[in-house]
Amino acid sequence: MNVPLHPPRSSLEELLEGIWKQNPVFVMVLGMCPTLAVSVSAMNAFSMGIATTFVLVASCLLVSLMRHLVPKEVRIATYIVIIATFVTVVDYLIQAISLAVYEALGAFIQLIVVNCIILGRAEAHASKNPPLPAVLNALGMGAGFTLGLFALGAVREVLGAGKLFGFALFGADFQPWVVMVLPPGGFIVLGSWLLLFNWLEAHRHTGNEGTRHA
Amino acid sequence: MPESLSSIFIGTLLANNFVLAMFLGLCPFLGVSARLNTALPMGAATTFVMLVASLCAYGLNWLVTALDLQFLRLIAYIVIIASAVQLVEMFLKKNSPVLFRALGIYLPLITTNCAVLGVALFQTAREYSFLQALTFAAAGGAGFTLALTLMAGLRERLNLANVPNVVQGTALSLMLAGLLSLAFMGFAGLGAGE
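Going down the list, the protein sequences come from chains F and Y. Per the working numbering: the first sequence = residues 852 to 1065. Per the working numbering: the second sequence = residues 30 to 223.
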């Protein structure tokens, strides 16, 4: 939302912004609801990431193409309807491809509509840029979101169930850390990741800056 | 098997708390919970919008099913929520300017609160009757307000504590939310399960 207008950037920069520098999960801390709710297992996290990326890219492309047509006063309403349309498409697609995934994700597929990352990207980037950079940026953001979800889901699945993508990692003696797959685990694992990033950042500029998230 | 109204209420308020167990409405939960005096009006406004949204969603779902247009359901929901928020805003501005000013920017932001859309979607998925849906919305809103208020109280206290620099900010809020969520799991035996 508070991304300033940059001078023209290369395609690579556009793509990489979302994956690392502005990672939606770890740096901007956006789209928390699906992030925490769905990241119980690596597979769930991965499917959710792909679904969100698809909606993000498609919506940003359409918003960017329509950027001169939509009057300023109704732009948010227009974006929401565009996003809702693509979410409906994804909802039916997932239902057709894998019923198991559809049931695991439940209402959270439809809740992609209110994921602030998508509306934020449409408003802050796609509505001001031509289609190609808009799509690249959306692709990067989607990849960054998927990566963040995966990092969360994998840790929670390994600790909470002793598995990764459903394959058992440890012997039969492993005592699963059940709290990790329950709601509190989501908060704690994400908090720990942020802690790690804060710590790394603080170590990079030793002494200068310790707090990034004001 | 029809769930009783009281079990829906208690279950949604405590055991399946919207914020702490179902992860709905986390953005305002982390954003607005810094101070107690903003937490309460925010919770009240959200509860009100949830009730309106639940009412509209119930009617819409009936209409969409009757016309066999289920694929339009999501779009219809989001449009109705956005217009409901707009209506509430206009109504408050005209009839209670004091409350309107107190809520300020939070009112329009309720549109993108996933807890509101969550109410509409979950009540549809669970095929609640009209009264059940309203109870669900009221309990969801009350649960949201409860979580927001508890969190705000804790964070006001934390401001006085001496915390290492790296832990400050979102990381600490998330850890705190984790502990709160852990505490709320103690209620799991009370209400009806999933």
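Quick reminder that beta carbons are idealized off the backbone N, C-alpha and C, glycines included. For clarity, every value in this text was computed on a predicted model and none was experimentally measured.
Taking residue 1042 of chain F as the query, report the chain Y residues whose CB atoms sit under 7 Å from its CB, ordered along the chain. 200, 203, 204 and 207
With distances taken between CB atoms, is the gap from residue 107 of chain Y to residue 55 of chain Y smaller than 8 Å? no
Using the DSSP secondary-structure output, state which residues sit across from residue 1015 of chain F in a beta bridge. F/1018
Where are the alpha helix (DSSP H) runs, 4 residues long or more, that stay fully inside the region 157–220 of chain Y, in chain order? 159–187 and 199–214
Whole-angstrom distance between residue 1044 of chain F and residue 1051 of chain F, CA atom to CA atom: 11 Å
Any C-beta of chain Y sitting closer than 8 Å to the C-beta of residue 921 of chain F? no
Spatial neighbours of residue 1021 of chain F in its chain, beta-carbon cut-off 8 Å, leaving aside the 5 residues before and after: 1013
I'd like to know if the region 987–1004 of chain F and the region 862–877 of chain F are in contact, where contact means that at least 3 CB-CB pairs between them fall below 8 Å. yes
Whole angstroms are fine: how far does the CA of residue 177 of chain Y sit from the CA of residue 40 of chain Y? 18 Å
Between residue 997 of chain F and chain Y, is the shortest Cβ-Cβ distance under 8 Å, so that the two count as touching? no
Which residue marks the beginning of the alpha helix (DSSP H) containing residue 61 of chain Y, and which one marks its end? Taken as a continuous stretch (DSSP letters only), residue 61 of chain Y belongs to no alpha helix (DSSP H), as it is neither H nor E.
Does the beta-carbon distance from residue 1042 of chain F to residue 203 of chain Y come in below 8 Å? yes
Identify which residue in F/965, F/975, F/1027 and F/961 has its Cα closest to the Cα of residue 57 of chain Y. F/965
Would you mind working out which of Y/173, Y/165 and Y/61 sits nearest residue 34 of chain Y, comparing C-alpha positions? Y/165
Coil, strand or helix - residue 44 of chain Y by DSSP: helix
Could you give the DSSP three-state label for residue 223 of chain Y: helix, strand or coil? Because residue 223 of chain Y sits at a pLDDT of 43, beneath the cut-off of 50, its placement in the model cannot be relied upon, and the following sentence gives the value as read from the coordinates. Coil, per DSSP.
Going along the region 882–905 of chain F in order, which residues come within less than 9 Å of chain Y, judged by CB to CB distance? 882, 883, 884, 885, 886, 887, 888 and 889
Could you tell me if residue 902 of chain F is buried or exposed, where buried requires 16 or more neighbouring beta carbons within 10 angstroms of its beta carbon? buried
In this structure, how does DSSP classify residue 882 of chain F when only helix, strand and coil are distinguished? coil
For residue 107 of chain Y, which residues in chain F fall below 7 Å Cβ to Cβ? 931, 935 and 964
Could you check which residue in F/1010, F/977, F/911 and F/888 has the C-alpha nearest to that of residue 957 of chain F? F/888
Give me the Cβ distance between residue 1068 of chain F and residue 870 of chain F, rounded to the nearest whole Å; I'm assuming they're in contact under 8 Å. The structure shown does not extend to residue 1068 of chain F, since chain F spans only 852 to 1065, so no value can be given for it.
Does DSSP put residue 972 of chain F in a helix, in a strand, or in coil? helix
Please classify residue 235 of chain Y as buried or exposed, where buried requires at least 16 neighbouring CB atoms within 10 angstroms. Any question about residue 235 of chain Y goes unanswered here, given that chain Y covers just 30 to 223.
Can you round the beta-carbon distance between residue 191 of chain Y and residue 1053 of chain F to whole angstroms, since I take them to be within the 8 Å contact cut? Incorrect: roughly 17 Å between the Cβ atoms, too far for contact.
Could you confirm whether any beta carbon from chain F is found closer than 8 Å to the beta carbon of residue 119 of chain Y? no
Going along chain Y in order, which residues have a C-beta closer than 7 Å to the C-beta of residue 938 of chain F? 103
Close-in-space but distant-in-sequence residues of the same chain around residue 183 of chain Y (CB under 8 Å, 5 per side omitted): 205 and 209
Residue 225 of chain Y versus residue 892 of chain F: straight-line alpha-carbon distance, rounded: No answer is possible for residue 225 of chain Y: the residues shown for chain Y start at 30 and end at 223.
Just to confirm before moving on: does the CB-CB distance between residue 884 of chain F and residue 962 of chain F stay below 8 Å? yes
Within 10 angstroms of the Cβ of residue 988 of chain F, are there 16 or more other Cβ atoms? Answer buried if so, exposed if not. buried
Report yes or no: is there a C-beta of chain Y within less than 8 Å of the C-beta of residue 1001 of chain F? no
In whole angstroms, give me the CA-to-CA distance for residue 978 of chain F and residue 872 of chain F. 21 Å
In the DSSP assignment, find the alpha helix (DSSP H) that holds residue 898 of chain F and state where it starts and stops. 893–916
Starting from the C-beta of residue 992 of chain F, find all residues in its chain whose C-beta is less than 7 Å away, skip the five residues before and the five after it, and write them out in chain order. 869, 875, 907, 968 and 972
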